[in-house]
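K.L.:
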Amino acid sequence: MKTYEFTVILSDPDMDASTVHAIYGKCADSSIGGSHDTVYVAFDRESTSLHVAQHSAIDDLRHLGITPLRVEMDIPELAMAS
């Protein structure tokens, strides 16, 4: 399998500590960050295709009650440093 890197921008810029812990518990391949009132989750997801990787990440976030706004292929520098 290949590792795909992408970022999911979240619709809600406010995130509490329990939500952050839930994301890291469900998505060990993620880094959470924020900038200019935008919260994002950067993924390094192993999968058979980019499409499957993105959809599984979105499904994981939705399962936690988090609403994704959009997916971007650029990973913010702050997420890469974590």
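Residues 1 to 82 in the UniProt record's numbering are what the sequence shown spells out, letter by letter. Built from N, CA and C at the ideal position, the CB exists for glycine as well. A quick note: this is a predicted structure, and the numbers were derived from the prediction, not measured.
Near Q54, which residues of its chain fall below 7 angstroms by C-beta distance, leaving aside the five closest residues on each side in sequence?
P.N.:
Correct list, in chain order: F6 and V71.
K.L.:
When we look at the beta-carbon of residue 84 and count the other beta-carbons within 10 Å, is it buried (16 or more) or exposed?
P.N.:
Here the chain has residues from 1 to 82 only, and residue 84 is not among them.
K.L.:
Can you tell me which of the three DSSP states A42 falls into?
P.N.:
Strand at A42.
K.L.:
Which residue or residues does DSSP assign as beta-bridge partners of H71?
P.N.:
Residue identity differs from the one stated: residue 71 is Val in this sequence, not His. V8.
K.L.:
Going by DSSP, what residue range makes up the alpha helix (DSSP H) through G25?
P.N.:
Here the alpha helix (DSSP H) through G25 covers A17 to K26.
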